[in-house]
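Worksheet: one structure, shown below.
Numbering (our numbering), first residue to last: 3 to 182.
Right under this line is the structure:
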């Protein structure tokens with residue numbers, strides 16, 4: 003029987019060889035924290051720049067701005083290419099995040115991929131993305147396809163996820179639903 007849910011810490015100055023159990027022993031990567039975590043745990047990200055990762059367990063990933071709805075004041079320095087950022091004090095991912103676990107939650111991050119088309123790829127039902135800034139290249143939100151902040155691979159009914167308090171930047175369409 004497992005005790006209470008744990009909190010794991012990640013920082014751009016962390017070390018994946020550390021324990022990850024406090025801000026002073028933070029991991030460097032999201033993937034290391036997910037590997038250490040169990041379903042129901044929380045992963046706390048410090049402000050700073052990160053590469054992408056895969057959220058393959060039902061954990062909550064809290065960015066530096068978790069719990070605060072994404073406001074209109076933050077925009078990329080170069081929106082046309084997605085390079086550069088003006089996201090001071092945020093937890094910023096420069097590579098696509100992948101959510102592959104039912105019940106996973108992302109809260110208060112910025113996903114601004116410099117080369118990929120999608121900010122977040124969701125391939126399961128029951129994921130939640132909230133209070134985040136998602137930058138894409140084509141659509142603001144799409145349930146399938148490419149070039150969007152959220153591209154859900156709608157397979158075997160993977161079409162029920164929750165989006166709330168987010169800011170979506172970029173796109174031909176605000177929301178694009180295909181086969182939904």
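For glycine and all other residues, C-beta sits at the position ideal for the given N, C-alpha and C.
Here the structure is a predicted model, which means the values were calculated and not measured.
Measure the alpha-carbon distance for residue 168 versus residue 59 and round it to whole angstroms.
-> 22 Å
Roughly how far, in whole angstroms, is the beta-carbon of residue 111 from the beta-carbon of residue 134, given that I think they are within contact range, below 8 Å?
-> 5 Å
Can you tell me where the beta strand (DSSP E) with residue 12 in it begins and where it stops?
-> 9-12 is the span of the beta strand (DSSP E), which, as asked, contains residue 12.
How long is the line joining the alpha carbons of residue 22 and residue 65, rounded to whole angstroms?
-> 15 Å
Just the C-alpha distance for residue 77 and residue 113, rounded to the nearest angstrom, thanks.
-> Low confidence applies to residue 77: its pLDDT is 48, below 50, so where it sits in the model is not reliable enough to give any reading.
Nearest to residue 57 (by Cα), restricted to the options 26, 171 and 42 | 42
Runs of alpha helix (DSSP H) wholly within the segment 15-52 (minimum 4 residues, chain order) = 32-38
For residue 94, which of 123, 48, 19 and 171 has the nearest alpha-carbon?
-> 48
With 16 other Cβ atoms within 10 Å as the buried cut-off, status of residue 5 | exposed
Under three-state DSSP, which class holds residue 95?
-> Three-state DSSP puts residue 95 in a strand.
Could you say which of 13, 16 and 9 lies nearest to residue 38 if we only look at CA atoms?
-> 9
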